[in-house]
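K.L.:
So that we are looking at the same thing, I have put the structure below in structure tokens.
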Amino acid sequence: MAKHIEERADAATAARERLKTFIAHPPEDARLWGIRTTSGTTGGEPLIVPHHYPSMRGRIFKEEKRMLQCYGSMSSRLSFTHLSHIRDTADELVSLSLDGADLGPGLDRALDEFGADIIIGYPSFVARVCALMSAGARARVVHVRLSGEFIDSGLRHLFEERFANADTTSMYVSAETGRLSTFPCGHLPLNRYHPAPGVTIEIAEPGDDGAGDILVSKDGREELVPFRRYRVGDTGRIVPGSCPCGEAVTFEVLGRSGHDYLKLAGAIVRREEVERVARRLGLREYFLEGSLKMRGNTPAGALELSIVPPEGAGEEAAARLA
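This is how it looks when you write it as structure tokens:
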């Protein structure tokens, strides 16, 4: 008998139950809790997710003085700002939070004056911001912390070139499940991770190359309600062998599987909208593939639509041209 796989509708139900528990039993120390909201692609509506901070406290921010946040989500910006205030050091951390509306004239001068030593954010957003930073501003950055998106080769090369003095690392997280990977161990390339404590990673129906849908199981130590074999919507594989750091399990994220949506260059392409357009065009069988392209220093999303013609379509077209 096949094991049950939790889908996005299950995650939405779990999130609502989690919120009820949180409201019914308020935390003793509210400073150590925060609220995340999802984009609305999970279960068809935005979800409100309570999150416990101690597991992340003091691990992302240590001795940094000036943090530049590059998130389109107000929830993410507020969460990381709060997290910076409860870090284990008494030193002050000044934060500058950007959204898409800030990427305009004058930002280059503001970034020069701010002088960030750490940048956190979505990879595509960080790429857009670094195109507006002077060489001097980029040289002052010593840490780049990425999350929330797959990092393709174009973005990886861009970060290596533009932030030559920084260590660039990524973490595997999602708004509905929270943190799924450990903090970077220093031995893994981007898109490879170790499961966080309490997290188990499986690959559903792996192909000959070992790739398949990533399934996540997670206990309730951070998000109150556990996940059991939840399909997060990414494809990946288990990397053979142990890591030099001592971790026995390493997994690699290969991209978005697009069950509900694709996220490209910070924009969300929803499956239901693609299907609506396809019906209007009379398409019966088709494949849509998303990728990230670099236009100079700016990332741009690209969609490639492959149409499978119905049987007899060639004869019908030939008859029209006769």
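When you line the sequence shown up against this note's numbering, it's residues 1 to 322, in that order.
Note that CB positions come from ideal geometry on N, CA and C, so glycine has one too.
Computed from a predicted model, the values in this text were never measured in an experiment.
With a 10 Å radius around its C-beta and 16 neighbouring C-beta atoms as the bar for buried, classify CYS70 as buried or exposed.
P.N.:
So CYS70 counts as buried.
K.L.:
Report the rounded CA-to-CA distance for ALA323 versus PHE22, giving the unit in angstroms.
P.N.:
Given a span of 1 to 322 for the chain in the structure shown, any question on residue 323 remains unanswerable.
K.L.:
Does DSSP classify VAL173 as helix, strand or coil?
P.N.:
Here VAL173 sits in strand by DSSP.
K.L.:
Closest to THR182 by CA distance: which of ARG31, ALA127 and THR250 is it?
P.N.:
Ranking ARG31, ALA127 and THR250 by Cα distance to THR182 puts THR250 first.
K.L.:
Go through its chain and collect everything with a Cβ distance to SER97's Cβ below 7 Å, but skip five positions before and after it.
P.N.:
Answer for SER97: GLN69, ARG77 and THR81, listed in chain order.
K.L.:
Could you tell me the alpha carbon to alpha carbon distance between ASP219 and PRO197, rounded to whole angstroms?
P.N.:
Whole-angstrom Cα-Cα distance: 9 Å.
K.L.:
Just to confirm my understanding: we take ALA211, look at its own chain, exclude 5 residues before and 5 after, and list those with CB closer than 8 Å. What are they?
P.N.:
ILE203, THR235, GLY236, ARG237 and LEU254.
K.L.:
Within a Cβ cutoff of 6 Å, which residues of the same chain sit near ALA137, ignoring the five residues on either side of it in sequence?
P.N.:
The answer, listed in chain order, is LEU111 and ASP112.
K.L.:
Roughly how many angstroms separate the alpha carbons of LEU32 and HIS52, rounded to a whole number?
P.N.:
Taking the straight line joining both Cα atoms gives about 6 Å.
K.L.:
Are the Cβ atoms of GLY115 and ARG156 separated by less than 9 Å?
P.N.:
No, the Cβ-Cβ distance between GLY115 and ARG156 is not below 9 Å.
K.L.:
For ARG18, report the span of its alpha helix (DSSP H) as first-last.
P.N.:
Per DSSP, ARG18 belongs to the alpha helix (DSSP H) from 8 to 24.
K.L.:
Beta-carbon within less than 7 Å of THR13's beta-carbon, same chain only, minus the 5 sequence neighbours each way: which residues are those?
P.N.:
So no residue of the chain qualifies.
K.L.:
Quick check on DSSP: helix, strand or coil for PRO123?
P.N.:
It is helical.
K.L.:
Whole angstroms are fine: how far does the CA of ARG16 sit from the CA of GLY178?
P.N.:
So the alpha carbons of these two residues sit roughly 15 Å apart.
K.L.:
In terms of DSSP beta bridges, what is GLY236 paired with?
P.N.:
Looking at the DSSP assignment, GLY236 forms a beta bridge with GLY212 and VAL253.
K.L.:
Could you compute how far the alpha carbon of ASP208 sits from the alpha carbon of ILE5?
P.N.:
Taking the straight line from one Cα to the other gives about 21 Å.
K.L.:
Taking the alpha carbon of VAL129 as the reference point, which residue from ALA101, SER174, GLU247 and ASN165 has its own alpha carbon closest?
P.N.:
Residue ALA101 is the option with its Cα nearest to VAL129.
K.L.:
Kindly indicate which residue of LEU103, ILE119, GLU273 and GLY72 has the alpha-carbon position closest to the one of SER95.
P.N.:
Checking every option, the nearest Cα to that of SER95 belongs to ILE119.
K.L.:
Among ILE268, SER217 and LEU288, which residue has its Cα nearest to the Cα of PHE38?
P.N.:
Per the sequence shown, residue 38 should be read as Thr rather than Phe. When only C-alpha atoms are compared, the closest one is ILE268.
K.L.:
If LEU107 and ALA127 are in contact, beta carbons under 8 Å, what's the gap, nearest whole angstrom?
P.N.:
Their Cβ separation, rounded to whole angstroms, is 14 Å, which puts LEU107 and ALA127 out of contact at 8 Å.
K.L.:
Can you give me the start and stop residues for the alpha helix (DSSP H) that HIS52 sits inside?
P.N.:
HIS52 -> not in any alpha helix (DSSP H); beta strand (DSSP E) instead, spanning 48 to 52.
K.L.:
Would you mind giving the Cβ-Cβ distance between SER147 and SER124, rounded to the nearest angstrom? I have them listed as a contact below 8 Å.
P.N.:
Actually they do not touch by this definition, with Cβ atoms about 12 Å apart.
K.L.:
Compute the Euclidean distance between the alpha carbons of LEU188 and HIS194, then round it to the nearest angstrom.
P.N.:
Their backbone Cα atoms lie some 9 Å apart in a straight line.
K.L.:
Within 10 angstroms of the Cβ of HIS25, are there 16 or more other Cβ atoms? Answer buried if so, exposed if not.
P.N.:
Label assigned to HIS25: exposed.
K.L.:
Check whether chain D comes within 9 Å of PHE163, counting only Cβ atoms and requiring the distance to be less than that.
P.N.:
Of the chains in the structure shown, none is chain D; there is only one protein chain.
K.L.:
Let's test the definition: count the other Cβ atoms within 10 Å of the Cβ of PRO184 and tell me whether it reaches 16, buried, or not, exposed.
P.N.:
Looking at its Cβ environment, which holds 16 or more other Cβ atoms inside 10 Å, PRO184 is buried.
K.L.:
Sorted by chain position, which residues of the same chain lie with C-beta nearer than 8 Å to PRO65's C-beta, five sequence neighbours on each side aside?
P.N.:
It is Lys, not Pro, that sits at residue 65 in the sequence shown. Cβ neighbours of LYS65 beyond the five flanking positions: ASP91, GLU92, LEU93, VAL94 and ASP117.
K.L.:
What is the DSSP secondary structure of SER181, reduced to helix, strand or coil?
P.N.:
Correct three-state label for SER181: strand.
K.L.:
According to DSSP, is ALA166 part of a helix, a strand, or is it coil?
P.N.:
Coil, per DSSP.
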